[in-house]
Amino acid sequence: MARALGRFLQGLLAAGAVLLVGWAFVTVGARELGRLFSSDDRTEIVVMHWSGEGGQEEDAIVEAALQRFSAQNPAIRVRRINPGDAASFYTKLQTMMASGDPPDVFYVGSERIPSFVDLGLLLPLDDLLAADTQANVPDRLDLRGFFPSTVAAFRFDGEGSGRGALYGIPKDFTTVGFYWNKDLFARAGVQPPRDDWTWDDFIAAARQIGRLPDCTGAEFVTWPAMIRAYLMTDGLDIKGSSFETLRTGERAVFESLDRLRSWRHDERGALTSGKSKIASGSSVFLSGKVGMAGPFGRWVVPSYRKIPPPSQGGFAWDFAPMPRGTTSANIVLTVSWSISAQTAHPNESWRLVRFLAGEQTQRELATLGLAIPTIRSAAESPAFLDPTLPPENDAGYLRAAEIAQIVDWSPNPQFEALMGSRLDQGLKTADVPLPEAIANFERDWNAECTNPLKAAVLPAMPWKAIAIGSILLLAIGLCAWLLWLRSGSFTGREREEERAGYALASPWLIGFLLFMAFPVVMSLLLAFARWKGVSPLGQAAFTGFANFEQIFTADARFRTSIRVTLWYAVIAVPTGQLLALLAALLMNTKVRGIHLFRAAWYLPSVLAGVGVSVLWRWVFDSDHGLMNMALEPLLKPLGIMPPEWFGADAGLWGAPAFAIMSLWFIGGTMMVYLAGLQQVPADLLEAAAIDGAGPLRRFFSVTLPMLSPVILFNTIMAVISSFQVFTQSFVMTGGEPGDLTRFLVLYIFNQGFDFYEMGYASALAWILLVIVLSLTVVVLRTSNRWVHVEGGAK
Amino acid sequence: MAPVSLQSVSKVYANGVKAVDSVSLSIADGEFVVLVGPSGCGKSTTLRMIAGLEEISAGSLLVGGARMNDVPARNRNMAMVFQNYALYPHLDVRRNMAFGLERRRTHGSVIKAVLSPSYRAARAAEQQAIDTRVTAAAATLGIQSLLQRKPRELSGGQRQRVAVGRALVRDPVAFLFDEPLSNLDAKLRGEMRTELRLLHQRLRATMVYVTHDQEEAMSLADRLVVMKDGVVQQVGTPSEVYGHPANRFVAGFVGTPSMNFIQGSIEAAGVFRWGGGALQLPPTRWTGLSGWHGKPVELGIRPDQIRVGTGSCKGRVITVENYGDRMDVVIESGGRRITSRLPTASIREGSETTFEPMLDAAHLFDPSAAGATLA
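First to last, the sequence lines map onto chains A and B.
Residue numbering for the first sequence is 1 to 794, as defined by our numbering.
Residue numbering for the second sequence is 795 to 1169, as defined by our numbering.
Written as structure tokens, this is what we have:
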């Protein structure tokens, strides 16, 4: 009965699974076919945006606006895509661009304009604007009504922002400043900041509040844009007339940066140390124990509005723009609606942009509190200036906008990445003296500027020849295979079986060829190319061995990532194996509830990588982390301080921290060892006992040799996975400080997806493959000395 | 070598199962004792308790007069041959045989050997002695040519010899064998039996041997211990156990083909009445059974004690198994099947025949579960 029921349930599940898969295919197929054969002759415009901080409300506002647009423009059908937050948005956008099928209209942050324009991805809008004026279109955009700096942010002339053609209509923006806790200011007896406050006022207030018990004066984030904003208040900047000429050598720039470093590291309590990975960023302010937090833009407001009023245990807060140094300054951070250079419908797309960037939509989006409308009249309306909601000083953002400048970025995304990671080592974690950190930045950026790969004029990748060659090769291979099949060595029956076998395996074979073999071959080809991952493949240039030459002769960051990865592997592989084996020995004992213990040991292995990484970031936090809280009482009597894992001591302790974290995941390895242990014949151990061997001798003379094939398997798997560390370092440190926790795979990711050097990344990936393969071969080669295999053949 | 003595030894598992129930047994120095019984009778458990591989739940184990209950296996200095040989698969034959000796050497420390030249010399001498003993044991068993091989390169019989050799090189207080021949084919089993017997004759060592094969037990043992359900049924020489079984179980277990059992009852004047008629028991068989008159008893008679073609009992031949030198004939009579073993004769299956049990050699058993021997 029970068996019949079991079978029925099994059948039901199987049928359900088949139906589900079938349904998925049918619906997608029907949709695509429907689109192909639809009698709808309207023009389809694809719009893509994100709604990260704005959440569902932003999603709904855009949707409603698009519906209004569709009603007004019956000839245009709009398809909307919202991948979620900004990071997912850019990933999807890049994938769509690379595939040659980008959306027509989409968000672009001003910081991405130089690189996107450099890649030829965006349509210049000046002609469309002029045509509107000429035709006197009723809802035409008048850029004079916009905050000028927001418009300037989307101009780019190939070298610098602020001039040249217009590549986007800013939809909203923010200026930056500090959010301040009114209650802490009152408690410390500090005057509230005014819009024209100075850095002296700022640090005096921070010091005063820092003296309150358990309080810190301010959180000062050192993001590249904010560091440049900070320098601008002293009339300075990182870049000179161009990005090739840095101003970091100027005494004034150094002094200004050193002042910030000194506030953070020479004093206690004025600024958060920045050593803590958790206690940084906008969320620190929510604790109510930090007097000020910034420089942040308007985007933190929705989350700060959730702070309860003082009567309910929260606190009152407000906004103050950037303090003055030798001058008043601020920056604009803005997002535009832009049009793809590849769009087939530029006029329809422009009509949509005009609508979405228009005043009505801007007013609606302003109610989210997330950003400021770029059209002055909308920004100065109650839609934005809402006196019923904090911050009180909404006008502060607008006053700052009058003096705000754009922070332009190099078309080479490495500038921002290098500036961030190198200067942070001097300013934030302080694991490197500031002059050295600056020198590192200058050295690495100069190396990047003089990178021969970037300057070289390269021939186009001979895709046509490669395609013809591959097809020829494939055809020859296929013929050879068919001939071999037809050769006399097979009987008719065998041939039939062979054919049936291939037919049955064909779904997998086709899947393998399409999804595994093809990308593998492509990445091999791309290793010899220079290709921006966001442009069509046709734009790839042939480099020959130049990628490899660059990697092995000039790429210091590659060498660092190899060092970090090896240092990790050297620690993680042996300790992981040892601990897993010891755990398996424990789990192999016969005690009550052993299944519970086994499950408990295995449990971490099934947890998701990102969540676990976030958890471990807390564990290794230098200031309040569990690890250091546990180590401190042990080490302090010896006069040793626990390491700042991802801070000043990251060079030595960063990789080991990840190795310690990896020990949390030994459950899978342990299970394999446990299975191996249970295969060790009991009578061998008994024979050894009778032969006079004690428990230790039995373990080393019998158990261990019998386990050696399992040890070999686990070791190889561990070596391979030790070279694949990505999620942890991506989530926990982003490779920082500097490159001290930048594992090879993370570096490959950075090159491919942050710097758009997909060819270079492919070359790195193949080097990784060769390294892993050689290590595996070495382990295998030595194995016949120590691995005992039952049953003969080795 | 030393005598081994079990005093009311019991084994009760955690789940309450009593595997061995108060076994008492004295094994003399140099004696070859075989524990025999059907599977699950507790014979292996008893052996493993002697070896120290199973804890003794109750009772005492004495070896050479010393109580060994709490001495771990490795310190009991016994040698054991396992059913599956239990050869270390990663070591060659020489290292397999030397393993036990190496564990017991007095100069075992490698570190001391590195530090002290005199220790190193002593260690080398010890190693030399071990090699000599291994070589000698291998010569005894005719496996000198196999010393460099790994177990997986050996045949079943060769592995068996190595397993014996591993026990042999040591100088244990007792040799323990746990069904060592059951994985061999019949012919090899026969050969090994002879060799083990010869080995015992030469070594005069205390040997405890476990088997479920009563023929093997009979052929090897100085003394047999027949066990059933954890309880010793009978201890005696093979002749004693065969000729004078303590109960119906022992009678049925020992001997091939099995003893015939015929249910019936005793009438006055020593007449045994059963479905096939009445049999007059000789006076030696029924004196002292006056209390059983009129009650059901079981008559046991070995197949070789039944003559066919003569006597008063009638039956029909249903099968004939001809072995060339002898034949086993199964006769159906009075609703029972009776096996007779006799020299070859011309008997056809299906033919009617007469037969006669030689009642001088018959046994009478209590028909209850205990099956005690009455006469």
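For every residue, glycine included, the Cβ atom is placed at its ideal position computed from N, Cα and C.
Quick caveat: nothing in here was measured; it's all calculated off a predicted structure.
Could you compute how far the alpha carbon of residue i sits from the alpha carbon of residue j?
| i | j | result |
| --- | --- | --- |
| Thr727 (chain A) | Ala693 (chain A) | 46 Å |
| Trp1086 (chain B) | Arg1120 (chain B) | 37 Å |
| Phe658 (chain A) | Ser729 (chain A) | 8 Å |
| Ser701 (chain A) | Lys454 (chain A) | 59 Å |
| Gly358 (chain A) | Leu128 (chain A) | 15 Å |
| Ala583 (chain A) | Val710 (chain A) | 15 Å |
| Met627 (chain A) | Met641 (chain A) | 12 Å |
| Ala362 (chain A) | Ala379 (chain A) | Per the sequence shown, the amino acid found at residue 362 (chain A) is Gln instead of Ala. If you take the alpha carbons of Gln362 (chain A) and Ala379 (chain A), they lie about 9 Å apart. |
| Ala793 (chain A) | Val619 (chain A) | Because Ala793 (chain A) carries a pLDDT of 36, less than 50, the predicted location of this residue cannot be relied on, and no value is offered for it. |
| Ala765 (chain A) | Val745 (chain A) | 8 Å |
| Phe797 (chain A) | Asn750 (chain A) | Lying outside 1 to 794, the shown extent of chain A, residue 797 (chain A) is not represented and no answer is given. |
| Gln942 (chain B) | Gly959 (chain B) | 14 Å |
| Leu1118 (chain B) | Ser1140 (chain B) | The residue you asked about is not Leu; residue 1118 (chain B) is Gly in the sequence shown. The straight-line gap from Cα to Cα measures roughly 12 Å. |
| Gly863 (chain A) | Ser377 (chain A) | This structure does not reach residue 863 (chain A), given that chain A is present from 1 up to 794, and the question cannot be answered. |
| Arg927 (chain B) | Ile905 (chain B) | 25 Å |
| Ala918 (chain B) | Gly902 (chain B) | 10 Å |
| Leu13 (chain A) | Ala650 (chain A) | 50 Å |
| Leu579 (chain A) | Ala17 (chain A) | 39 Å |
| Phe512 (chain A) | Ser470 (chain A) | 17 Å |
| Gly667 (chain A) | Gln10 (chain A) | 29 Å |
| Ala153 (chain A) | Ser99 (chain A) | 28 Å |
| Pro213 (chain A) | Met732 (chain A) | 30 Å |
| Pro883 (chain B) | Leu978 (chain B) | 19 Å |
Using a cut-off of 8 Å between C-beta atoms, extract the partners of residue i located in chain A.
| i | result |
| --- | --- |
| Gly1131 (chain B) | Here the sequence assigns Arg to residue 1131 (chain B), which means Gly is not the residue at that position. Per Cβ cutoff of 8 Å: no residues; Arg1131 (chain B) is ~40 Å from chain A at best. |
| Gly894 (chain B) | Ile690, Asp691 and Gly692 |
| Ala880 (chain B) | Pro681, Asp683, Leu684, Glu686 and Ala687 |
| Arg898 (chain B) | Gly692 |
| Ala867 (chain B) | Glu686, Ala689 and Ile690 |
Who are the neighbours of residue i on chain A, taking C-beta pairs under 7 Å?
| i | result |
| --- | --- |
| Asn809 (chain B) | The premise fails here: Asn809 (chain B) is roughly 13 Å from chain A at the closest Cβ pair, so nothing lies under 7 Å. |
| Phe876 (chain B) | Asp683 and Ala687 |
Given that residue i touches chain A, what residues does it touch there, using C-beta distances under 9 Å?
| i | result |
| --- | --- |
| Met872 (chain B) | Ile690 |
| Arg888 (chain B) | Correct list: empty, because the minimum Cβ distance to chain A is about 14 Å. |
From the DSSP secondary-structure annotation, give me the bridge partner or partners of residue i.
| i | result |
| --- | --- |
| Met1121 (chain B) | B:Asn1116 and B:Leu1136 |
| Glu1150 (chain B) | B:Arg1101 |
| Ser820 (chain B) | B:Ser799 |
| Lys805 (chain B) | B:Val814 |
| Leu855 (chain B) | B:Leu800 |
| Ala1072 (chain B) | B:Arg1067 |
| Phe441 (chain A) | According to DSSP, which records beta bridges pairwise, Phe441 (chain A) is partnered with nothing at all. |
| Trp766 (chain A) | In the DSSP output, where bridge partners are listed per residue, Trp766 (chain A) has none listed. |
Which residues in chain B have a C-beta closer than 7 Å to the C-beta of residue i? List them in chain order.
| i | result |
| --- | --- |
| His788 (chain A) | Pro883 and His884 |
Between residue i and the ligand SAM, is there a pair consisting of the residue's CB and a ligand heavy atom that are separated by less than 7 Å?
| i | result |
| --- | --- |
| Val719 (chain A) | By its list of ligands, the structure shown contains no ligand whatsoever, and the ligand SAM lies outside what it can speak to. |
For the 8 Å Cβ check, are there 3 or more pairs between the region 831 to 847 of chain B and the region 810 to 819 of chain B? yes
For the region 819 to 852 of chain B, which residues have a beta carbon sitting closer than 9 Å to at least one beta carbon of chain A? Arg842, Ala845, Gly846 and Leu847
Which of the residues in the region 921 to 943 of chain B, read from start to end, lie with their CB under 8 Å from any CB of chain A? none
Would you say the region 523 to 540 of chain A touches the region 749 to 765 of chain A, given that touching needs at least three Cβ pairs under 8 Å? yes
Can you pull out the residues from the region 693 to 707 of chain A whose beta carbon lies closer than 8 Å to at least one beta carbon of chain B? Ala693, Gly694, Arg697, Ser701, Val702, Pro705 and Met706
Do the region 96 to 108 of chain A and the region 321 to 328 of chain A meet, that is, are 3 or more Cβ pairs less than 8 Å apart? no
Residues of the region 953 to 976 of chain B whose Cβ lies closer than 7 Å to any Cβ of chain A, in chain order: none
Stretch pair the region 580 to 596 of chain A + the region 604 to 612 of chain A: three plus CB contacts closer than 8 Å: no
Counting Cβ pairs closer than 8 Å, one from the region 224 to 244 of chain A and one from the region 180 to 194 of chain A, do we hit at least three? no
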